[in-house]
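Working notes, structure below.
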């Protein structure tokens, strides 16, 4: 029984934000207002792998962050998505996007934001519905690392990783 207790304590501690993280307070409006750049990758269990860059433009009106994401994939295809995050408390947001089914609730604890949402991977035909489980961490170097597990019927089918940075920062983004 002590081994199980230690494992549970270890799991609980792993879910807490690290003490060495740069920010005690991570807010979407502070980080994403203005220009932000990102590099990322998507890998699915069926062998599909894609890398991409994203140029983001965020505007904050005092209540809602509108965040336009312009994607360029490694095969040259482009896509645009627009998030609208409405602040509902000092540590929560309600978010919508054109391909997201319903809303997502974002909860921030220190330097970590967590949220999940349903999305159609093929929005034109409203097919291939999956759930993204996002975890965004504001790191000491000023970058934000977003890791997401993608599930279908509760079974993991893909993962995505995106690293955000502010233009002109001294930190170089991860290579594609």
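Residue numbers (mature numbering (1 follows the signal peptide of the UniProt record, and there is no 0)): -22 to -1, 1 to 154.
C-beta: ideal position from N, C-alpha, C; glycine also.
Residue j beta carbon less than 9 Å from that of residue i
i	j	result
residue 34	residue 15	yes
residue 82	residue 88	no
residue 127	residue 90	no
residue 36	residue 76	no
residue 4	residue 114	yes
residue 49	residue 26	no
Extent of the continuous beta strand (DSSP E) run through residue i
i	result
residue 51	42 to 51
residue 131	That residue, residue 131, is in no beta strand (DSSP E); it is neither H nor E in DSSP.
residue 109	105 to 116
residue 57	56 to 67
residue 37	27 to 38
residue 83	82 to 87
residue 73	70 to 75
Range of the contiguous alpha helix (DSSP H) that encloses residue i
i	result
residue 10	6 to 10
Residue environment, residue i, which counts as buried when at least 16 other CB atoms sit within 10 Å
i	result
residue -1	Note on residue -1: pLDDT 44, under 50, position unreliable in the model; no value is reported.
residue 141	buried
residue 47	buried
residue 122	buried
residue 86	buried
residue 143	buried
residue 136	buried
Nearest-angstrom Cβ-Cβ length linking residue i and residue j, presumed shorter than 8 Å
i	j	result
residue 95	residue 104	Actually they are not in contact, since the Cβ atoms of residue 95 and residue 104 sit about 15 Å apart, beyond 8 Å.
residue 13	residue 134	Not quite, the Cβ-Cβ distance comes to about 33 Å (not below 8 Å), so this is no contact.
residue 60	residue 41	16 Å between Cβ atoms; not a contact.
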